[in-house]
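A quick write-up on the structure given underneath.
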Amino acid sequence: ASAGGAHAAGEHGSGPVFVTPPHTPTKVEVGMYLISLVEVSAPSESFPTFKAEIFLDLEWHDPRLAFSEESIGTEREVFLEHEAELELERIWWPDIEFENEQGERHTESRELVIHHDGHVEYSERFQGVFTVDMELIKFPFDHQNLTIHAESFSWDDRYVVFEPLPEKTGFNEDFKTLEWTLHDVHTEVHAKKEVRSDEAFSEYVYSVNVDRDPGYYLYKIVIPLLIIVAFNWATFWMPGEPASVRMERTVIALLTVVAFHQVVATNLPRIGYLTFMDGIVYVAFASVGLTMLSTIWAQRQEYLGKEENVAKLDQIGKVAFPVIFLLAVLILYLVYHT
Amino acid sequence: ASAGGAHAAGEHGSGPVFVTPPHTPTKVEVGMYLISLVEVSAPSESFPTFKAEIFLDLEWHDPRLAFSEESIGTEREVFLEHEAELELERIWWPDIEFENEQGERHTESRELVIHHDGHVEYSERFQGVFTVDMELIKFPFDHQNLTIHAESFSWDDRYVVFEPLPEKTGFNEDFKTLEWTLHDVHTEVHAKKEVRSDEAFSEYVYSVNVDRDPGYYLYKIVIPLLIIVAFNWATFWMPGEPASVRMERTVIALLTVVAFHQVVATNLPRIGYLTFMDGIVYVAFASVGLTMLSTIWAQRQEYLGKEENVAKLDQIGKVAFPVIFLLAVLILYLVYHT
Amino acid sequence: ASAGGAHAAGEHGSGPVFVTPPHTPTKVEVGMYLISLVEVSAPSESFPTFKAEIFLDLEWHDPRLAFSEESIGTEREVFLEHEAELELERIWWPDIEFENEQGERHTESRELVIHHDGHVEYSERFQGVFTVDMELIKFPFDHQNLTIHAESFSWDDRYVVFEPLPEKTGFNEDFKTLEWTLHDVHTEVHAKKEVRSDEAFSEYVYSVNVDRDPGYYLYKIVIPLLIIVAFNWATFWMPGEPASVRMERTVIALLTVVAFHQVVATNLPRIGYLTFMDGIVYVAFASVGLTMLSTIWAQRQEYLGKEENVAKLDQIGKVAFPVIFLLAVLILYLVYHT
Amino acid sequence: ASAGGAHAAGEHGSGPVFVTPPHTPTKVEVGMYLISLVEVSAPSESFPTFKAEIFLDLEWHDPRLAFSEESIGTEREVFLEHEAELELERIWWPDIEFENEQGERHTESRELVIHHDGHVEYSERFQGVFTVDMELIKFPFDHQNLTIHAESFSWDDRYVVFEPLPEKTGFNEDFKTLEWTLHDVHTEVHAKKEVRSDEAFSEYVYSVNVDRDPGYYLYKIVIPLLIIVAFNWATFWMPGEPASVRMERTVIALLTVVAFHQVVATNLPRIGYLTFMDGIVYVAFASVGLTMLSTIWAQRQEYLGKEENVAKLDQIGKVAFPVIFLLAVLILYLVYHT
Amino acid sequence: ASAGGAHAAGEHGSGPVFVTPPHTPTKVEVGMYLISLVEVSAPSESFPTFKAEIFLDLEWHDPRLAFSEESIGTEREVFLEHEAELELERIWWPDIEFENEQGERHTESRELVIHHDGHVEYSERFQGVFTVDMELIKFPFDHQNLTIHAESFSWDDRYVVFEPLPEKTGFNEDFKTLEWTLHDVHTEVHAKKEVRSDEAFSEYVYSVNVDRDPGYYLYKIVIPLLIIVAFNWATFWMPGEPASVRMERTVIALLTVVAFHQVVATNLPRIGYLTFMDGIVYVAFASVGLTMLSTIWAQRQEYLGKEENVAKLDQIGKVAFPVIFLLAVLILYLVYHT
């Protein structure tokens, strides 16, 4: 009697092994547990991914693997590491793969237990890189959803149907990262059509929600930008200055905002839309640009000898510029976050 | 009877296995499906490539592999993963390789099915890096054509002739990237001469068209550049300013354009031609350079006491500079896009 | 009699090998020795790790492996490199893995010695990458604690209990790095619950304390920053200068601090809290900002013709600014380091 | 009769295989074909290399491998991929290695054909990284010579003598890169002394000439640099400006050249000599430096009330500076390119 | 009779192989030859290493491997590549490893020759990454000592004693790098205590001296820095300039030195001490700082109406600044290089 579903090709039984699936669809229970995030792409990455250490547990029943305790001398056969890998080639198994994975997963530890009644438990720890579809419109106040899509490569849902195994599902709550906060895990199973077969495949989806900590972007980009914009308002508080002195300062402010924009740009992917962060930079551009226009106007007034207009401008600017700027940021926030 | 076309070298049948091809050219049907793009080189890469996850399906018929259902007990032998790899070494197969690939492909999953009538279906999922011939002249409004060229390494077209398999060809429409949009796939088969043989090889070409989303380059480079150029025109709106104050501002504008140029340069490969983006930067250079020349001229007029000429210059400059600039950009666009 | 706890699956004894643990929990002595640090993440890394060369020694007793010296002809069997790996698959062993490791460890050398009385000594040298939980609040005066967590992957504490082996534990005192100083090693064993089993696992923790050398950050960031802040105080030492000249210098100082801030930012991860280093930069911002406000006030006084107030401001500023700055740095130091 | 020159070590014929070379030196014909360049080091690399996809063909005759067509049933044995690798271990072969390679080559496809008369054809496609000795003195107008040095690792020229095989030698003319142009290939065989043996080894050298396209460096570095230098000459065209205004502009020009120099420096390796590109930057330094000295002199003349000297300086400078600059660049070109 | 010192574990002789060392300590002759340096860490690397291509030759005598020429048919058994690796697992060998290596070495070619009298010659070519203890205090005039420490992993000096083999030791004099010059090789053998055993191990040390070519750092950092410092002295050559104009120029010079400092900083590791290069930057800081103080003093003199003091300052500064600067650089050189 050969091992569950495996047969050696060729007449002499010594060649590669081929397998036959059980006669009825096999229910495969899947547990997935996030041990740690190894990396989440920086926001500047055009093809975002995450890399994680995962514990995977698969359990199913194959009556063809049942054995009698007496003849073998144990009630469960434990295969470890390389031996588990070899045994998996000899028996039928769900041949799992990850749809959104990049490259092969790197299995670090592996255990296969075959119980005498044909119940099989396979568990492994692996590292994989997964594609993630990042929505950065609210950046740096964005939330992301890291998902892993598991399917059988060979066996469509006539053979394999997945089912979540809640007691082996979750994430390591001791794990901490400096930029992201992890919370709640969801699992889900559905049928999905693939190019590999005319029938649908059973797909198991594991997802974990993560929130970005915006602190870095606030302290390192937004606050310094606000300082530059605010110092630019100084113009309206310094009466009697000639317009060309004002203009020079405004030019410096504008170029600084341009330079800042470049810093923000290197922190974002080559996306075609404007994020909330871009919005703030453009508001800053607008504020400094308006100061510049008002300075040009002031210079013309000076030239025409109407210096009292410049004084009026200053009176209005002192109040209007900060108010309009804050209003614009507020509106921006409302637009982007609703 | 040995497996289809394979024989063990040496007298005792225990050494490495050599293969013989079928007597007539074998028609091999090829299906290729793009699961996801893992990376497309940034425009700064001198040796551009793309990295992709691909599903490959090969189907052919080898009568020598036919078997009787009764003796084996199944109507199809299914070999998975490592066992499929071993079985491929024992039978004749098309020995596929990718002409424009860099390094070896990384096969993640593999399935080989031999039907009782000798029909063979081989499918795998792999990741590979492929050379791409990027034409960047219209950058950032460029389109690229990502192609994969498959051939048999050993068997020229006396032995293997490819044929596209449309039902297993396409790309994953759920897949999204932040910089590129994928659309339409083409496949094609032709004969190609290679150094490996005196006869031609059958070559299967899969290609997918992608468009770059220019948004990033517009929002992060072109618009800030236009702001700098436009503020430079302020010169013509500020009557009565001494020429050296004007000159100083123009110098700052010029240096800012130089700095911008460096930013654009780090975004482009070390190519010998000028892209559309470079064209825009050079138009900006020209605009600021002309402002500078007009300022020098103005200074000389001032020195000669002909201040009315400066006023005239301002009158003309207010209109001429924006108009000429926009015209130049328009002409540039027409030149580059026709 | 088969090797300690290993059995071939299948009736003919030629398939993969399964293992059975000894009947009583096995005491496994663990020695760990840090040969060298290959890398400690730069402070800019969001997912900090360290990479190290480690010597690992495991010793246990398995009576099933005892043999008689006469029949074998030696009192200890020595298995090296690949042979040690093969022998480990044939016997029962603790199946060690590292909980906070990223990817698989790369074993470089390996030795397995089985003594005739069943005492087993396994030692290897490997390279691994380990996650480290960096606390950067006191940066660049921070200390870190590099830890390695070892567990059995398959055998919970009903089977394996670890115990430190002090004579094979330590770190290489000849090893030197340019940024970090290593001192004292601690080891510890405790029980830990894992998703892999209903029972707890015995966990062995090795940790080494390292101190960052702050010299680089002092000489390359803090001192140049202090030079900029101090030159800004020059304003109060140059009587009779018009306020707009003062203002211009202050603007340059402010922008330089902004640029410095960016340099510091690229040296820190995207963390949401402010480190001691950020604190110093913000104090510098405040100092330059206050100078700017005082200059605006001076300009207004000048405009109102009260130049004697400007002179008074200079008198006060000469003393107050340096004193307040130093006080602020001192307070900051006390807040962050207690 | 064992395979050509191979014997199993140990009495029972089941251990590793050792080989004996043919009695007379074997003539090995070598064909090498460059399929594509995967990378050529950027000029900033201190240890320059190139990475290439290569097709290699080796042909030799080993009478010990002859077989009779009848007994085997084919006139040539074809071994593919892994089987070719195994067969190579069983027969004698030239044991080729690449002297200037870094790391191991990655073989992607492999074919071994043994003809019934003992003629052997081995071909493979591989990727390798090769050290290249770059001479950058004429940069960016430099030409490089990419070479590959092949030798037998084990068999000196008493056993193996190489000979070029022109019909399998060349480079892929369809291959295009964005920075380099490939042209003409040379091959050569000579004897070379190595530390591995007291006798010389036969060395086969393949080399392909490549030219750098200087366009990038002209458009992105040289032309912007010339713009800066040229605008600096504006000084001589603006009569009546006070010397401190002139000085300020010259200072800005100087700092811009310094910044440019840094950009050029990051594009070059840490070499101890000055390239043509450095030469141009130093000429620009000299031009701006002379303008600065002339401005200092002008200021002193102004101070002494000799403003007519400043006007004379302007008259001369208008002509002399451009002329001297162009002459210097011309001389530089002649010095570096002869 | 089994191969020299190797025995199959288990009763049937088919399991993994264990080895026994020869009865007396074996003298192992070691030859090491540097083929090329693949990389030496840039000075900015905190954990410096070098990567090299090495040829290694080991020779020893194991009487248990002797065989009679007649029975085998050859006087020396030659094992190549994979077969050499397999044979090494079957015989006793010194089990060499490299103490200061990072990760495993990558063996590219391998040859094992067993002579009929039991003399064994093992040679391989490999690539490895080795930790190097860089002393950067004299940077960029530093010399480094690249060393490789070889030991047996398993056999302490009761079993293995190394001895240098001068005729297979050296470095490839044809090899050239752009930044480093190689000269003289030393080898040395001594006993060293390791955590792996209670007895000492025989350690073989190979070292090669390399000198950094300081040209890059002189031409790209030091000379531009001197140009900035020197132009700052222009202040003393321009009589009659108002102090605020002077001050502005000095401020620009100071900020440029700050920026330069950052460039130097990115070229150095995060070390806690100041290198010679840092020393030069700090001297430049001091020079510009003193100019600034002298300008403040000049401004105060101007304000007090003592303009003759400013003229005196200029007289002294013209001479004192260059002299003091050069003296400071000279003293620095003497301090750092003695």
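Protein chains in written order, with our numbering: chain A, 108 to 445; chain B, 108 to 445; chain C, 108 to 445; chain D, 108 to 445; chain E, 108 to 445.
The C-beta atom is built at its ideal place from N, Cα and C for all residues, glycine as well.
Everything numeric in this text was worked out from a predicted model, so none of it was measured.
Query                                                                                                                 : Result
Touch test, the region 327–336 of chain C against the region 362–372 of chain C, Cβ-Cβ under 8 Å, three pairs minimum : yes
Exposure label - Ala108 (chain B); buried when at least 16 CB within 10 Å                                             : Reliability of the predicted coordinates at Ala108 (chain B) is poor, the pLDDT of 39 falling under 50, and the value obtained from them is presented with this limitation in mind. Exposed is the call here.
Closest by C-alpha distance to Asp164 (chain A), when choosing among A:Ser178, A:Leu193, A:Pro273                     : A:Pro273
Cutoff 8 Å: Ala337 (chain E) Cβ touching any chain C Cβ                                                               : no
Every unbroken alpha helix (DSSP H) inside the region 305–349 of chain A [4 residues or more]                         : 330–339
Proximity test, Cβ basis, 8 Å: Pro346 (chain B) and chain A                                                           : yes
Own chain, CB closer than 6 Å to Thr127 (chain B), minus 5 neighbours either side, in chain order                     : Gly112
Cα-Cα separation, Ala427 (chain C) to Ala393 (chain C)                                                                : 13 Å
Proximity below 8 Å, CB of Val267 (chain D) to CB of Glu295 (chain D)                                                 : no
Three CB pairs or more closer than 8 Å across the region 373–384 of chain B and the region 149–157 of chain B         : yes
Contact between the region 209–221 of chain B and the region 229–249 of chain B (3+ Cβ pairs under 8 Å)               : yes
Length-filtered (4 minimum) alpha helix (DSSP H) runs lying within the region 130–201 of chain C                      : 176–179, 188–197
Residue span of the beta strand (DSSP E) that contains Asn252 (chain C), given as start and end                       : 250–259
Trp404 (chain A) - containing alpha helix (DSSP H), residue span                                                      : 383–410
Listed by chain order, chain E residues near Gln234 (chain C) by CB distance under 7 Å                                : Gln209, Gly210
Coil, strand or helix - Asp421 (chain C) by DSSP                                                                      : helix
Counted within 10 angstroms of its Cβ, other Cβ atoms place Leu441 (chain C) as buried (16 or more) or exposed        : exposed
Neighbourhood of Lys134 (chain D) by C-beta, 7 Å cutoff - its chain only, sequence neighbours within 5 removed        : Trp167, Val268, Glu270
As assigned by DSSP and simplified to three states, the class of Ile203 (chain D)                                     : strand
As assigned by DSSP and simplified to three states, the class of His119 (chain D)                                     : Residue placement at His119 (chain D) is flagged as unreliable, the pLDDT there being 49, under the threshold of 50; a coordinate-derived value is accordingly withheld.
Reduced DSSP category for Lys275 (chain B) - H, G, I as helix; E, B as strand; rest coil                              : helix
Environment of Pro123 (chain A) [buried if 16+ CB atoms lie within 10 Å]                                              : buried
Chain-ordered neighbours of Pro376 (chain E) on chain C, where CB pairs are closer than 8 Å                           : Leu285, Glu286, Tyr323
Positions along the region 400–417 of chain D whose CB lies within less than 9 Å of some CB in chain B                : none
Boundaries (first-last residue) of the beta strand (DSSP E) holding Leu289 (chain E)                                  : 287–300
Cβ pair Pro346 (chain E), Arg407 (chain D) closer than 8 Å                                                            : yes
CB contact below 8 Å: Val239 (chain D) versus chain E                                                                 : no
Within 7 Å of chain E by C-beta, residues of the region 149–166 of chain D in sequence order                          : Ser153, Phe154
Neighbour flag for His297 (chain B) against chain A, beta carbons, 8 Å                                                : no
Interface residues of chain A facing Asn385 (chain C) [CB-CB closer than 9 Å]                                         : The sequence as given places Asp at residue 385 (chain C); Asn does not occur at that position. Those within 9 Å of Asp385 (chain C) in chain A are Tyr326, Lys327.
Near the ligand FMN: Met345 (chain C) beta-carbon under 7 Å from a heavy atom                                         : Annotation note on the ligand FMN: not contained in the displayed structure, which lists no ligands.
Whether Pro150 (chain A) touches Phe246 (chain A) by CB criterion (8 Å)                                               : yes
C-beta atoms of Val315 (chain D) and Leu141 (chain D) nearer than 8 Å                                                 : yes
Chain E within 8 Å of Val426 (chain C), Cβ atoms only                                                                 : no
Interface residues of chain D facing Tyr140 (chain E) [CB-CB closer than 7 Å]                                         : Val302
Below-8 Å beta-carbon distance, Arg265 (chain E) vs any chain D residue                                               : no
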